[in-house]
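Colleague: Sharing a structure, written as structure tokens. Questions coming.
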Amino acid sequence: DNRWTEHKEVVKRVIFGLHPCEIHALNIYHKFYTRIYPDPYYIANREATLIVGLSCIPDEYCFCHLTDTSTVNEGFDLFLTDLGDRFLVWIGSPKGDEAIKHLHNLLDDVTQEDIDDYIAWRKKRDNAFKVSIDLEGMPEIVSFSYDLPVWEKMGEACLSCGTCTMVCPTCTCFDIEDEYDIKTDEMNRQRYWYSCVFREYSMVAGGHNFRKARSERLKLWYTHKLVGFMSEYGSPACVGCGRCVVSCPVDINVLTVAKALLKEENDAFWARREVSHVYQVNN
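Numbering follows our numbering, in which position 274 of the sequence shown is assigned residue number 546; successive positions increment by one, without gaps.
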């Protein structure tokens, strides 16, 4: 039907300042959008994008050292390590190599002093990590713990606000919406980011919902992140960025959930018995 046209909005761009964990998140996106069902919109935009990474010193929330994402060797075009008064530049792709050719007058060859300063910077970064918990066995532990009552306790406190899914750099859930303009007889179909912890996400025809309970939606999220993605792609879909730790208003995040399943001491808001029944919102 010639009335329908496909619109791909592709603009050449540079994404600057991605930290190693965020580049790992992009690599997870790349697996998701290219391996089984290649997504032409993602592929076109990725090919038009120059990725420039930037080193960082961890804050008190991040735990990328526990998810093996504190360093990155692929998925970027250029990567800059901040040595204080200069940057060490890594080239990660032919696009990055081409970009460097236009910056040759700003660059010098690497010296022994640069190498020594980089080694010192690595030690400083490694010593800055504060979080310590064993996440290596979490895929199996989450699977074994699927029916534990702790999920119900978290569900009682969860607000279903979707904050965790909106800040997580590896979430890919989406919805598709058709917008019809009766005046112009035009239809516009759009895909937009959505959240699997929203009650409406699991609703099907007839108003049926297979995940009415917030605890079930929480389990879905953590099972997908730590189990499902692991079995499909060989690594969990958590890069240790700490955004869920910072953002959840009731302290439901990868670390507190892991502590609960590992039976470790847990001072999370939702884990305190006296407030576990505070939030009984209708969602």
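Cβ coordinates follow ideal geometry from the N, Cα and C atoms, glycine included. Remember, it's a predicted structure, so these values are computed and weren't measured experimentally.
Who are the near neighbours of Thr495 in its chain, counting only those whose CB is closer than 8 Å to its CB and skipping five residues on each side?
Modeller: Contacts found: Val414, Ser415, Tyr418.
Colleague: Report yes if the CB atom of Val344 is closer than 8 Å to the CB atom of Ile295, and no otherwise.
Modeller: Yes; because the gap between Cβ atoms is below 8 Å, this pair is in contact.
Colleague: Output the boundary residues of the alpha helix (DSSP H) element that contains Val422.
Modeller: Unbroken alpha helix (DSSP H) run through Val422: 422 to 429.
Colleague: Tell me the start and end of each unbroken alpha helix (DSSP H) in the segment 276 to 340 that is at least 4 residues and wholly inside, in chain order.
Modeller: With a minimum length of 4 residues, the continuous alpha helix (DSSP H) runs that stay inside the segment 276 to 340 are 292 to 306, 312 to 319.
Colleague: Going by CA-CA distance only, name the one from Leu431, Arg461, Ala320 that's closest to Asp453.
Modeller: Nearest of Leu431, Arg461, Ala320 to Asp453, Cα basis: Arg461.
Colleague: Go through its chain and collect everything with a Cβ distance to Ser467's Cβ below 8 Å, but skip five positions before and after it.
Modeller: Excluding sequence neighbours, Ser467 sits near Gly434, Thr437, Met438, Cys443, Cys445, Tyr473.
Colleague: Do the segment 308 to 326 and the segment 278 to 288 meet, that is, are 3 or more Cβ pairs less than 8 Å apart?
Modeller: Segments in contact, yes.
Colleague: Thinking C-alpha only, which one of Phe335, Glu504, Lys303, Ile300 is nearest Val526?
Modeller: Minimum Cα distance to Val526 is reached at Phe335.
Colleague: Put Thr353 into one of helix, strand or coil per three-state DSSP.
Modeller: Note: Thr353 maps to strand in three-state DSSP.
Colleague: Provide the residue span of the beta strand (DSSP E) that contains Ile363, from first to last.
Modeller: Where Ile363 is concerned, the enclosing beta strand (DSSP E) stretches over 359 to 363.
Colleague: I need the straight-line Cα distance from Cys440 to Cys516, nearest angstrom please.
Modeller: Between Cys440 and Cys516, the C-alpha separation is close to 7 Å.
Colleague: To which residues of the same chain is Val286 closer than 7 Å at the C-beta, ignoring the five residues directly before and after it?
Modeller: The answer, listed in chain order, is Leu322, Val324.
Colleague: Below 8 Å on the Cβ atoms is my guess for Leu326 versus Leu290; work out the distance and round it to an integer in Å.
Modeller: Their Cβ separation, rounded to whole angstroms, is 7 Å, which keeps Leu326 and Leu290 in contact under 8 Å.
Colleague: Can you tell which of Gly356, Lys402, Gly368 has its C-alpha closest to the C-alpha of Asp386?
Modeller: Ranking the options by Cα distance to Asp386, first place goes to Gly356.
Colleague: For Asn460, write down the residues that DSSP places opposite it in a beta bridge.
Modeller: Paired residue(s): Glu451.
Colleague: How would you label Asp523, buried or exposed, when you count the other beta carbons within 10 angstroms and need 16 or more for buried?
Modeller: Buried: at least 16 other Cβ atoms inside 10 Å.
Colleague: Where does Asn538 fall in DSSP's three states?
Modeller: Reduced to three states, the DSSP call for Asn538 is coil.
Colleague: So, at 7 Å on beta carbons, what are the nonlocal neighbours of Ser487 in its own chain, with the 5 sequence-adjacent residues on each side left out?
Modeller: Contacts found: Trp423, Glu424, Met426, Gly427.
Colleague: Beta-carbon separation of Cys510 and Lys531 under 8 Å?
Modeller: Going by C-beta atoms, Cys510 is not nearer than 8 Å to Lys531.
Colleague: Is the separation between the beta-carbon of Pro411 and that of Met475 shorter than 8 Å?
Modeller: It is not a contact, given that the beta carbons lie outside the stated cut-off.
Colleague: By the three-class DSSP mapping on this structure, what secondary structure does Phe416 have?
Modeller: It is helical.
Colleague: Could you tell me which residues DSSP pairs with Phe401 in its beta bridges?
Modeller: Its beta-bridge partners do not exist; DSSP assigns none.
Colleague: Among residues of its own chain, excluding the 5 on either side of Tyr505, which ones have a beta-carbon nearer than 6 Å to its beta-carbon?
Modeller: Only Lys303 meet the Cβ criterion.
Colleague: Once the 5 residues before and after Arg358 are set aside, which same chain residues still bring their CB inside 8 Å of it?
Modeller: Around Arg358: Asp386.
Colleague: For Gly364 and Ala371, what's the separation of their Cα atoms in angstroms?
Modeller: Roughly 11 Å separates the two Cα atoms.
Colleague: Using the Cβ count rule (16 or more neighbours within 10 Å means buried), how would you classify Asn554?
Modeller: Confidence at Asn554 is low in this model, with a pLDDT of 44, below 50, so its placement is unreliable and the value that follows should be read with caution. It counts as exposed.
Colleague: From this set, Phe351, Ala540, Gly500, Val499, which residue's C-alpha is nearest Val518's C-alpha?
Modeller: The option with the nearest alpha carbon to Val518 is Ala540.
Colleague: Trp465 bridges to which residues according to DSSP?
Modeller: Phe446, per the DSSP bridge assignment.
Colleague: Less than 7 Å between C-beta atoms, sequence neighbours within five positions excluded: which residues of the same chain meet that for Gln552?
Modeller: A caution first: Gln552 carries a pLDDT of 43, below 50, which makes its placement in the model unreliable, though a value can still be read off. Nothing listed; no residue qualifies.
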